[in-house]
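Chemist:
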Ligand code: PMM
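Residue numbers (my numbering): 25 to 304.
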């Protein structure tokens, strides 16, 4: 088993989007993304997740060369600084280049569906693979957000993808599953999936939750006037999700604001330990 996946407190995955147009932090790291990644690690991120392609609703894809041009120097710089790196990509070629440069996790929001070469490539690389629930690219995903029982359907589709990547040669013990909050989902689906994490956990793999700053939190926090707070104003709500997800025993939480989630995970972990030990 990868040491990354050994039992332990919930891992904090810090988001480093090297994109001009990302959903919630587009462009903020543009000046010095390597320094920003080092700062995320120093603030307590166990992994820094480097992405070069925005997946916000409606986003248009970037070309493979441009994605690699954005991501690879940042991965190389962070690895050189001793930061554990994950690469957020749907492309096998980008995944390969990043892992060869030292990334230890491939985080594929498409769960292997966007690139038919992804599963076999990751199998050959021997890294950890985050497999998310996904139904289609950002330009069409809103129209794919139709479910009867969202938890049952996401669970079944994740199970199918886990079988498919295993059939392509990937060791299932290297796979982390992610419900893909916001990807072909509306707010009600995201809440149902958070409430149903136990049912997803019984697929037998660690779980990663990516709730950070997402639309369902914006909608929750909207004032009586209907004004939705900006993504950067959703970090307290994100940290609350992190604490609750950690209490449910998830392997990791993927967040933009690392310090608030590090604190939230510490609270959940201390609370759990006290409950296990008991107080006389
Ligand atoms: N969400 C985004 C990007 N990458 N990766 C995983 N594993 N899970 C997610 O939920 C996820 C992801 C989109 O959010 P961003 O644009 O704010 O990074």
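Heads up, the beta-carbon is just placed ideally off N, CA and C, and yes, glycines get one too.
Residue 244 lies in the alpha helix (DSSP H); which residues open and close that run?
Modeler: Here residue 244 refers to the residue found at position 220 when the chain shown is read from its first residue. Unbroken alpha helix (DSSP H) run through residue 244: 239-245.
Chemist: Regarding residue 35 and ligand 1, is the C-beta to nearest heavy atom distance less than 7 Å?
Modeler: The sequence position of residue 35 within the chain shown is 11, counting from 1. It does not: the Cβ of residue 35 is nowhere closer than 7 Å to a heavy atom of ligand 1.
Chemist: Could you tell me whether the stretch 208-216 touches the stretch 248-258, using the rule of 3 or more Cβ pairs below 8 Å?
Modeler: Output reads no: the stretch 248-258 does not touch the stretch 208-216.
Chemist: Roughly how many angstroms separate the alpha carbons of residue 184 and residue 162, rounded to a whole number?
Modeler: In the chain shown, residue 184 corresponds to position 160, counting from 1. In the chain shown, residue 162 corresponds to position 138, counting from 1. Their Cα atoms are separated by approximately 21 Å.
Chemist: Do three or more CB pairs link the stretch 82-93 to the stretch 210-221 at distances below 8 Å?
Modeler: No, the stretch 82-93 is not in contact with the stretch 210-221.
Chemist: Taking Cβ positions, are residue 201 and residue 231 nearer each other than 8 Å?
Modeler: Counted from its first residue, the chain shown places residue 201 at position 177. Counted from its first residue, the chain shown places residue 231 at position 207. Yes, Cβ-Cβ distance for residue 201 and residue 231 is below 8 Å.
Chemist: With DSSP as the reference, label residue 193 as helix, strand or coil.
Modeler: In the chain shown, residue 193 corresponds to position 169, counting from 1. If DSSP states are grouped into helix, strand and coil, residue 193 belongs with coil.
Chemist: Residue 36 and residue 291 - do their beta-carbons sit closer together than 8 Å?
Modeler: As a working note, residue 291 is residue 267 in the chain shown. As a working note, residue 36 is residue 12 in the chain shown. No; because the gap between Cβ atoms is not below 8 Å, this pair is not in contact.
Chemist: Does the beta carbon of residue 94 fall short of 7 Å from some heavy atom of ligand 1?
Modeler: Start at 1 with the first residue of the chain shown, and residue 94 comes out as number 70. No, ligand 1 has no heavy atom inside 7 Å of this Cβ.
Chemist: Please name the residue in 108, 263, 275, 233 whose C-alpha comes closest to that of residue 127.
Modeler: In the chain shown, counting from the first residue as 1, residue 127 sits at position 103. Among 108, 263, 275, 233, the Cα nearest to that of residue 127 is on 108.
Chemist: How far does the beta strand (DSSP E) with residue 200 in it extend, from its first residue to its last?
Modeler: Your numbering for residue 200 matches position 176 in the chain shown. Element bounds for residue 200: 199-202.
Chemist: For the candidate residues 226, 132, 145, whose alpha-carbon lies nearest to that of residue 176?
Modeler: If you number the chain shown from 1, residue 176 lands on position 152. That would be 226, whose Cα lies nearest to the Cα of residue 176.
Chemist: What alpha helix (DSSP H) runs, 4 residues minimum, are completely inside the stretch 259-288?
Modeler: You should have 259-271.
Chemist: In the DSSP assignment, find the unbroken alpha helix (DSSP H) run with residue 61 in it and report its ends.
Modeler: Locating residue 61 in the chain shown gives position 37, counting from the first residue. Where residue 61 is concerned, the enclosing alpha helix (DSSP H) stretches over 57-66.
Chemist: Between the Cα of residue 182 and those of 75, 155, 151, spot the shortest distance and give me the residue it belongs to.
Modeler: Stepping through the chain shown from its first residue, residue 182 is reached at position 158. Nearest of 75, 155, 151 to residue 182, Cα basis: 155.
Chemist: What three-state label does DSSP hand residue 141 in the structure shown?
Modeler: For the purposes of this step, residue 141 is taken as residue 117 along the chain shown, with counting starting at 1. Residue 141 falls in the coil class under three-state DSSP.
Chemist: Going by beta carbon distance, what residues of the same chain come within less than 8 Å of residue 246, once the five residues before and after it are set aside?
Modeler: Here residue 246 corresponds to residue number 222 of the chain shown, with the count starting at 1. Contacts found: 252, 253.
Chemist: Closer than 7 Å: is that where the CB of residue 262 sits relative to any heavy atom of ligand 1?
Modeler: In the chain shown, residue 262 corresponds to position 238, counting from 1. No, ligand 1 has no heavy atom inside 7 Å of this Cβ.
Chemist: Which term fits residue 104, buried or exposed, when burial requires 16 or more other beta carbons within 10 angstroms of its beta carbon?
Modeler: Locating residue 104 in the chain shown gives position 80, counting from the first residue. When all chains shown are included, residue 104 counts as exposed.
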